[in-house]
Amino acid sequence: MKKILTVFSILALLAGTYLFPFSNASSQETKGLSQDNGIILFMQGDVKVKSEKSDAWLDAKKGMILLKGDSLKTGPDSWAEIGFGKDFANSVRVQENTHVIFTDLGATKINLIQGELRSLVEKLSKNRIFEIKTAVSVCGVRGTGWDMVTNGKTAEAYVYENIVFFSGLGQGLSSESVILDAGKMGILSDPQKAIAIEDLPVEKMYDWQKWKKDFIERRGAGTGPSPQDRASSAEEVQAATEAGMEKVKPVISDINDERDIDRRLESETTTNHGYE
Numbered sequence: 028m029k030k031i032l033t034v035f036s037i038l039a040l041l042a043g044t045y046l047f048p049f050s051n052a053s054s055q056e057t058k059g060l061s062q063d064n065g066i067i068l069f070m071q072g073d074v075k076v077k078s079e080k081s082d083a084w085l086d087a088k089k090g091m092i093l094l095k096g097d098s099l100k101t102g103p104d105s106w107a108e109i110g111f112g113k114d115f116a117n118s119v120r121v122q123e124n125t126h127v128i129f130t131d132l133g134a135t136k137i138n139l140i141q142g143e144l145r146s147l148v149e150k151l152s153k154n155r156i157f158e159i160k161t162a163v164s165v166c167g168v169r170g171t172g173w174d175m176v177t178n179g180k181t182a183e184a185y186v187y188e189n190i191v192f193f194s195g196l197g198q199g200l201s202s203e204s205v206i207l208d209a210g211k212m213g214i215l216s217d218p219q220k221a222i223a224i225e226d227l228p229v230e231k232m233y234d235w236q237k238w239k240k241d242f243i244e245r246r247g248a249g250t251g252p253s254p255q256d257r258a259s260s261a262e263e264v265q266a267a268t269e270a271g272m273e274k275v276k277p278v279i280s281d282i283n284d285e286r287d288i289d290r291r292l293e294s295e296t297t298t299n300h301g302y303e
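Following this line, the structure appears as structure tokens:
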């Protein structure tokens with residue numbers, strides 16, 4: 028029994044070492060952020076991330092680096108705000124019950140599978156684009172603020188600042204774009220039909236202005252993750268987890284051997300008692 032407890036202690040130690048390898052601040056200090064990465068600046072509630080190379084969803088954390096192909100999803104009453112590039116001038120807020128895939132972070136192309144995505148694009152170099160795509164539509168901008176909402180079959184775009192180019196995707200191909208000015212919303216109820224343009228509800232504009240002011244203050248106050256607080260990407264965490272499991276397999280095997288021995292001893296004892 029003591030040996031089994033010792034084995035479990037070793038297992039716990041290995042789990043702490045290999046399954047959670049990025050809590051060491053000194054290793055995080057070396058992590059930089061390139062123009063082709065995103066980072067979780069702020070988050071609340073149930074937020075999960077998944078590497079393109081894995082099927083496993085991991086708990087997100089503030090400061091986690093996002094790579095090309097990563098997925099992120101939020102649960103009820105949950106959200107995540109992600110900054111791109113070195114100064115986070117371009118950001119998105121993934122609202123509750125939303126699933127996105129970061130198809131290309133260099134050009135900032137995001138696939139909105141379902142839910143609502145808020146975008147604040149303040150700084151784009153001449154050759155860079157910012158694009159949000161759904162199953163039925165695509166939005167592209169040069170610099171603006173807007174929300175994109177989809178259930179996978181329909182899509183809506185709410186424009187708060189500057190302009191957005193909004194196109195339907197009939198048969199997977201972009202139809203003619205409409206230009207949505209600030210204060211307008213585009214409604215795509217059928218990708219085979221024209222996009223309807225309506226005035227944006229006043230309360231939506233108020234909500235945007237309130238959020239933007241609050242977000243910029245938080246970002247400017249440095250309350251987001253510092254370089255020392257930046258965590259590894261989902262891909263690195265998953266790889267380390269798998270490596271850690273390889274390390275503990277022999278320990279698990281020892282535990283199983285111990286249990287087999289205990290069961291045999293118990294069986295022999297019971298059998299002997301039966302003959303007495």
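Each residue of the sequence shown is one higher than the one before, starting from 28 at the first, in the numbering used here.
Using N, Cα and C, we set each Cβ at its ideal position, and we do this for glycine too.
The structure displayed is predicted, hence computed values, not measured ones.
Should residue i go down as buried or exposed, given a rule of 16 or more other Cβ atoms within 10 Å for buried?
i	result
Lys77	buried
Ser53	Legend: pLDDT at Ser53 = 33, less than 50; position of this residue unreliable, value from coordinates given subsequently. Under this definition Ser53 is an exposed residue.
Glu293	exposed
Ala248	exposed
Asn154	exposed
Gly195	buried
Gly102	exposed
Thr57	The predicted position of Thr57 is uncertain, since its pLDDT is 35 and thus under 50; a value taken from the coordinates is nonetheless stated next. Burial call: exposed.
Asp97	buried
Ser164	buried
Ser50	Per-residue confidence for Ser50 stands at a pLDDT of 37, beneath the threshold of 50, marking its modelled position as unreliable; the derived number appears in the next sentence. Under this definition Ser50 is an exposed residue.
Cα separation between residue i and residue j?
i	j	result
Ala107	Gln71	6 Å
Leu144	Lys100	11 Å
Gly167	Asp86	30 Å
Gly112	Val229	32 Å
Phe193	Lys88	33 Å
Ala116	Ile109	10 Å
Val176	Gln219	18 Å
Lys160	Asn138	5 Å
Ser216	Asn178	11 Å
Thr135	Leu94	11 Å
Leu132	Ala182	22 Å
Leu32	Arg120	Because Leu32 sits at a pLDDT of 47, beneath the cut-off of 50, its placement in the model cannot be relied upon, and the following sentence gives the value as read from the coordinates. Cα to Cα, the separation comes out at about 46 Å.
Ile140	Lys180	10 Å
Just verifying my parser: in three-state terms, what is the DSSP assignment at residue i?
i	result
Trp235	helix
Val229	helix
Glu123	coil
Lys240	helix
Arg169	coil
Glu293	helix
Gly90	coil
Gly247	helix
Asp217	coil
Glu308	Outside the displayed range of the chain (28 to 303) lies residue 308, so it cannot be described from this structure.
Gly96	coil
Ala184	strand
Glu203	coil
Lys153	coil
Ile66	strand
Using CA coordinates, which residue listed in the options is at the minimum distance from residue i?
i	options	result
Gly90	Ile67, Glu230 and Leu151	Ile67
Ile243	Ala223, Ala182, Glu230 and Ser118	Ser118
Tyr233	Val186, Asp86 and Gly251	Val186
Leu227	Met212, Gln219 and Gln236	Met212
Trp235	Ala209, Ile224, Ser216 and Ile214	Ala209
Thr130	Glu123, Gly65 and Asp114	Gly65
Glu149	Ile214, Gly170 and Asp82	Gly170
Asp73	Glu203, Asp82, Ala116 and Thr125	Thr125
Ser146	Ile206, Ser216, Asn189 and Gly179	Asn189
Glu158	Val191, Glu183, Ser152 and Gln122	Val191
Gly142	Asp114, Ser152, Leu151 and Asp174	Asp174
Can you name the residues that DSSP bridges to residue i?
i	result
Asn117	Phe111 and Val148
Trp106	Gln71
Asn138	Ile128 and Lys160
Ser194	Val165
Just to confirm, does residue i get its C-beta within under 6 Å of one of the non-hydrogen atoms of the ligand NAP?
i	result
Arg145	Among the components of this structure there are no ligands whatsoever, and the ligand NAP is therefore not found.
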